[in-house]
Amino acid sequence: MLLEGQLITETPIYRGNARKTLFTRDGDGTQRLISLAGEISGTAQSLMDAFMGQSRDGKNIGLLHRLWLRLYGSPMPKGLIAHVDCRLQEASYPRSRFFDLRMGLKLDEDRWAAEANANYKMETAFRNATFNITIAIDDATLQKGDNAARLYYVLQELREGRFWFGAGKSKGLGRCRLEAQLPFSAPTAPPPVHPGANHLRLTLTFDSLNPVLVGWNWGKVDPEVPAFTAIEGRLLVNAMRDLPDPIRKRLEMVIGGPILGPEDWKRKLAEYLPRILAVWLQERSTGEMESWMLRASALAKLSKGKYPLSKKVIEAVQPLCERPFPTKEAIETALKEALGDKANMGKRIFEVIEHQRQAGRQLDHEAWLSVANSLGVDPALEDRLAAQINDEAALTETLAKACSQVMPRLYLQVDQQITLLQSDAWVDVEIATREEHLRIKTLLLEGKIRESQWDDRSQPPEGVNPAAWRSFLDEHSRVRYQHMLHPANLRKSIANDRNFIAFLRHHRERVRQELAQPYHIDFRAGGPFNREVSRKYGKPYDTMFMRMLSWTPSTREEGMWEIYIPGSTIKGAFRRRASQVLKTLWGESAQTTRILNRLFGTQGQRGGILFSDAYLMDPQDPRQAWCSMDGVKMDPQTARPIETAKHDYLFAYGGQLVFRLQVDVLDITEADLEALSLLVHLLQDFERGDIPLGGEKTSGFGWVNAKATETVWLTATPNGITRKLFGDRALTREGIWHRLILKDQPTAGGLSLIAPITTQKAAQTPPRTTAGFISHRSFGGYCGTLAVEAEVLTPLHVRESGEPSFRTQLDGGPVNGWDFFSMAPPEAAMRPETKCYALPSRSIKGMLRHLYAIASDSRGPSPDVSRLNPVDTLFGWVGTGPNQALMGRLAFGFGLFEAPELAWFKVPYPYTGWVHSEGQWKHTASRAVPMLLINKTWRLFPHAPLAPFVQQLFDFWPDTVQTSYCRAILPGGRARFTIRFWNLEEQELQRLVWCVGLEPGLAHKLGLHRYVGFGSLRLHLLPESFLIRWDDRYSGQSDEGWRLPLRFEDWLNPKGVAYYAELQRALDAKSL
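To convert, count from 1 in the sequence shown and add 490; that's this note's numbering.
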């Protein structure tokens, strides 16, 4: 019996050697075909998944055998399944036969930053791809006992999507679903199931009302790479998605080769694009045409004979002669109009009209509309083009004028693609290394490397780099020379290296094309006096959201980019939180290690939890769904931005962006209840927003509040473990399972197993590393949250990110009107009418970091991670070299305003000569702007009312270009945000509280135009601020039981504040 069906990859899937990147190819790899192994065979594949079989040592058995054993507690009958064949459907291959590249990195436990040389890369088959699967079943064995019933429910597990294949199952990979009509019906009575078999599936969702940014690894520009290097024109053409596919393909043929330089290639594009459009339109408009024509000779015959037409009729019809009409109806109408009251004579004339069929051209309406809509040119040109359809030169000239309006946009894409050539230099390093290894393998195949050389690291073969030779020998240190020379294996290894090089190049091209799309380009100032803000001066955002290629059938036979959060990111976040909690409560004990390994796995032991990727429930228009934020490092001495340190982000925000993920736990036993109880606590933390996902955590990203929308429990026995997990809830029978489904449970998916995590005594001091800095590996010292309210004292303006919301043109040039920062898209046309105004988290963080640097006297730069100054050790630090980064121990949220009052202001510049002194503004002859410096190192802006030359306007009414027009939040506006902190020493917390709350009469400065009176605000610590008592945090108490109120007056201690007197004077707000 043959069972034929389709295996759908609900998540990406990877099958390959753990040390390699490529998905394992069939045969010698030259055809780049892939399949899922039917049977475990060979040394290389003995550790990989297959449907059937067993490795020689018995440690790896086929997945169907394993599933059978799990469900029924006994091995699958020998020979029941004779053969499995599972090959990727031809329709699911992209043209290149390469797939997606998934990358990840490992975070150092102490620094909470990337660990050098610990990243991974793997080529994953697309999500939603289809494999054709054939399962050969032995009929005789199937009829024995209850084999048919048992096999039915094994296959039913595949049909329900409870089956994983390949590597990375606990990190979001490998989940498959079978679509097939089973050749035998469901049994009348289900077979007995092993009592220990069960399956818990939790579906979790979270929105982006707390901003999320899981950064993509691509697009990092290396300023050391030359600005222009060799590139092929086809890459530039492929990035122009505005062009219809046929036009793009023809352009590739004409100008797709190596280019001499950007400007030369742009000139060719402007020359060839209209010509190719003209030729293509003519081809689409060519075909067999019908025409109806009145010949002059035929009309002349009608004026003669026995019954001639009158001279008046002949003269009326004469202008219609020799004119082709496209339809019979058209010429009939023309005749009636020409004859008027003599229309009855038209019948005789119509009898002599010629009906012809011949090749000709008539402008194809649909073809022209596809060009006009794709390029954005005027569709109304259709009539003019129709008249010129037979004249290629005239057609080209008209199209050239039309294209001239869109060429700047295409030129912008060219410039951005060339800029991206400076990015991702690691790919070139990887390719160079693999090319060296390929050279060595070729020499081995040709017999040009002797065995004596193989054992000598100091004798590289001729033409081989010595470092590459040593690297190659290190990677193959366990392979004997004779085994290395096996011709078939060597040829396949060479093919794999060639595929790897081609794959990296191809994927980088795809990524660059995606990065160069207009909605991924930031807005930058340019043009005369930097007054024009446009994407044409921009570049791809420094940090964009993670995306992958998933399968979607299309005319271009390519994958579609899809936003997602990798399961590895989610698993890593849960594991880190679990590790921090257990090491806080139990220390670095054997019990801690055992529980962590049971839940999350370790080398040689698969974890008990399978985390899926998180996918958007409703993918949004990328122009509308994503918000932007700028960050720029300020020179502490001048308070001017350091342009080379500018960083911008494109992040997810809003209730409409909802992610969904699954968490699966299989075969829970009594021994797992302790570990499962920890999982319940972790789920509660995830609901509270205490498990951050992604990057920029210290800038408020990733602290999402999840909720369990569905819990599905399948078990062989309705009692026992079920009662401990769910109490006395009733289960229903479904096949071999007893099933419980819970919807929208308020806490941890309805799991009632919440055993307290007890401790003798949590650490009272922060953990430290041998290098001397405070570690993130566990919690200690002071941890908690500061709830803060910002009160605006003078008009406050923080410039919106992206392009200005308002702009106009005066004689002197463009004038921009900048609104206050809001959680909104960077493109003005995409912003909502009602904006969510906010203090950017990075602005708050930068303001307080600057003040903390003064208060802690952090003058000198930190030379390395073991010698950090006080502000770097608390707020975080990034140095140069491997493992020279440390995440901060503070996380700043966005300060959201509620119904603030705003007004327009006109601020002329420059404002040299104006000084606020003795309580009033004065204009002096000096052209220098005085600076208030603390210890000649840190600049602060004194508080002052608005300067007299600043004007408040009723609306955006510009009258001069030499002025800044901005919309500011007026005094009285209030915004709330939080500052999470952990592992602080007492003096650090005292100093932080002082820097946040200050003392009566003091205030902060934030935003633009601070010198002329803008940006004064006061921060108030709210009663919701608290410290965490870790001894009670997981003891089962309510929130009030483990939250210790943090009162401002209890922690206000200026003794640890450096330059206290100078700060008192500089921050004095009494003048307001």
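From the three backbone atoms N, C-alpha and C, an ideal C-beta is built for every residue, glycine too.
It should be emphasised that the depicted structure is a prediction, and the values quoted were computed from it without experimental measurement.
Exercise for the section: Can you have a look at Tyr797 and say buried or exposed, based on whether 16 or more other CB atoms are within 10 angstroms of its CB? Expected result: Exposed, by the Cβ-count rule.
Problem - Through-space distance from Leu493 to Leu648, alpha-carbon basis - result: Leu648 and Leu493: Cα-Cα distance of roughly 13 Å.
Practice task
Just the C-alpha distance for Arg1223 and Phe1382, rounded to the nearest angstrom, thanks.
Solution key: So the alpha carbons of these two residues sit roughly 50 Å apart.
Handout entry: For Lys625, the first and last residue of its enclosing beta strand (DSSP E)
Key = The amino acid occupying residue 625 in the given sequence is Ile; Lys does not appear at that position. Secondary structure note for Ile625: its beta strand (DSSP E) is the uninterrupted segment 620-627.
Exercise for the section: Please report the Cβ distance between Gly1307 and Pro1294, rounded to the nearest whole angstrom; I am assuming they are in contact, meaning their Cβ atoms lie under 8 Å. Expected result: Contact between Gly1307 and Pro1294 holds: CB atoms are separated by about 6 Å, below the 8 Å threshold.
Handout entry: Distance between Arg1519 and Gly1225 (C-alpha atoms, nearest Å)
Key = Here the alpha carbons of Arg1519 and Gly1225 stand approximately 48 Å from one another.
Problem - DSSP three-state assignment for Glu1475, whether helix, strand or coil - result: In the three-state DSSP reduction, Glu1475 falls in the coil class, being neither helix nor strand.
Practice task
Tell whether a beta-carbon distance below 8 Å holds between Phe616 and Asp600.
Solution key: Not in contact: Phe616 and Asp600 (Cβ atoms no closer than 8 Å).
Handout entry: Segment contact, 8 Å Cβ cut-off, at least three pairs: the segment 1431-1444 with the segment 1132-1149
Key = With the cut-off at 8 Å, the segment 1431-1444 and the segment 1132-1149 do not touch.
Handout entry: the segment 993-1010 in contact with the segment 575-589 per 3-pair CB rule at 8 Å
Key = Short answer: they touch.
Practice task
State whether the segment 1484-1494 contacts the segment 1504-1524, with contact taken as three or more CB pairs (one from each stretch) at a distance under 8 Å.
Solution key: With a cut-off of 8 Å, the segment 1504-1524 and the segment 1484-1494 count as touching, because enough Cβ pairs lie within range.
Handout entry: Distance CB(Leu554)-CB(Met542) smaller than 8 Å
Key = One thing to note: Leu554 has its Cβ within 8 Å of the Cβ of Met542.
Problem - CB of Leu557 within 8 Å of CB of Val644, strictly - result: In contact: Leu557 and Val644 (Cβ atoms closer than 8 Å).
Exercise for the section: Counting only the same chain and skipping the five closest in sequence on each side, list residues whose C-beta sits under 7 Å from that of Ser864. Expected result: Around Ser864: Asp732, Leu733, Pro734.
Problem - Opening and closing residue of the alpha helix (DSSP H) in which Pro736 lies - result: Element bounds for Pro736: 735-745.
Problem - Within-8 Å CB hit, Asn707 to chain D - result: Among the chains in the structure shown there is no chain D, since it carries only a single protein chain.
Problem - Beta-bridge pairing of Val1305 - partner residues as DSSP gives them - result: Answer is Thr1298.
Handout entry: For Leu1276, the nearest candidate out of Val1483, Thr1212, Ala1415, Ile1181 (CA to CA)
Key = Answer by Cα proximity: Val1483.
Practice task
Taking Tyr1031 as part of the alpha helix (DSSP H), name the residues at either end of that continuous run.
Solution key: Note, Tyr1031: premise wrong, no alpha helix (DSSP H); not H, not E.
Practice task
Would you grab the beta carbon distance between Leu512 and Glu613 for me? Rounded to a whole angstrom, and I think it's under 8 Å.
Solution key: Indeed they touch by this definition, with Cβ atoms about 5 Å apart.
Exercise for the section: Please confirm if the segment 975-986 is in contact with the segment 696-708, defined as three or more CB-CB distances below 8 Å between the two stretches. Expected result: Contact fails: fewer than three Cβ-Cβ distances are below 8 Å.
Practice task
With DSSP collapsed to three states, give me the class of Gly1546.
Solution key: Correct three-state label for Gly1546: helix.
Problem - Cutoff 8 Å; reference Arg738; Cβ partners in own chain excluding five residues on either side - result: The residues are Val727, Asn728, Met730.
Practice task
Could you work out which residue in Met593, Pro685, Arg592, Met566 is closest to Leu632 when comparing CA atoms only?
Solution key: Nearest in C-alpha terms to Leu632, of all of Met593, Pro685, Arg592, Met566, is Met566.
Handout entry: Where the alpha helix (DSSP H) through Ile1231 begins and ends
Key = From DSSP, Ile1231 is part of no alpha helix (DSSP H) but of the beta strand (DSSP E) over 1227-1233.
Exercise for the section: Using the Cα positions of Thr909 and Pro752, report the straight-line distance between them to the nearest angstrom. Expected result: If you take the alpha carbons of Thr909 and Pro752, they lie about 11 Å apart.
Practice task
Determine the DSSP secondary structure at Tyr1272, reduced to helix, strand or coil.
Solution key: Collapsing the DSSP output to three states places Tyr1272 in a strand.
Practice task
Please work out which residues of its chain come closer than 6 Å, Cβ to Cβ, to Leu1423, disregarding the five sequence neighbours upstream and downstream, and give them in chain order.
Solution key: Excluding sequence neighbours, Leu1423 sits near Arg1429.
Handout entry: Best match in Ala820, Ala670, Ile721 for proximity to Glu780 [C-alpha to C-alpha]
Key = With distances taken between Cα atoms, Glu780 lies closest to Ala820.
Practice task
Give the single residue among Pro1182, Glu1530, Ala676 whose Cα lies nearest to the Cα of Val1194.
Solution key: Residue Pro1182 holds the alpha-carbon nearest to the alpha-carbon of Val1194 among Pro1182, Glu1530, Ala676.
Problem - Which of helix, strand or coil DSSP assigns to Ile721 - result: Ile721 falls in the coil class under three-state DSSP.
Problem - Endpoints, beta strand (DSSP E) assigned at Thr1212 - result: Where Thr1212 is concerned, there is no enclosing beta strand (DSSP E), although the alpha helix (DSSP H) it sits in stretches over 1211-1216.
Problem - Check whether Leu928 and Asp1012 have beta carbons under 8 Å apart - result: The answer is no: Cβ separation not under 8 Å.
Problem - Inside the segment 1346-1412 only - alpha helix (DSSP H) runs reaching at least 4 residues - result: For the alpha helix (DSSP H) assignment, the uninterrupted runs of no fewer than 4 residues enclosed by the segment 1346-1412 are, from N- to C-terminal side, 1360-1365.
Practice task
Taking Ile530 as the reference, give the member of Leu523, Gln544, Gly1190, Pro1056 with the closest Cα.
Solution key: That would be Gln544, whose Cα lies nearest to the Cα of Ile530.
Handout entry: Validate contact between the segment 1118-1137 and the segment 1076-1090 using beta carbons, cut 8 Å, 3 pairs
Key = No, the segment 1118-1137 is not in contact with the segment 1076-1090.
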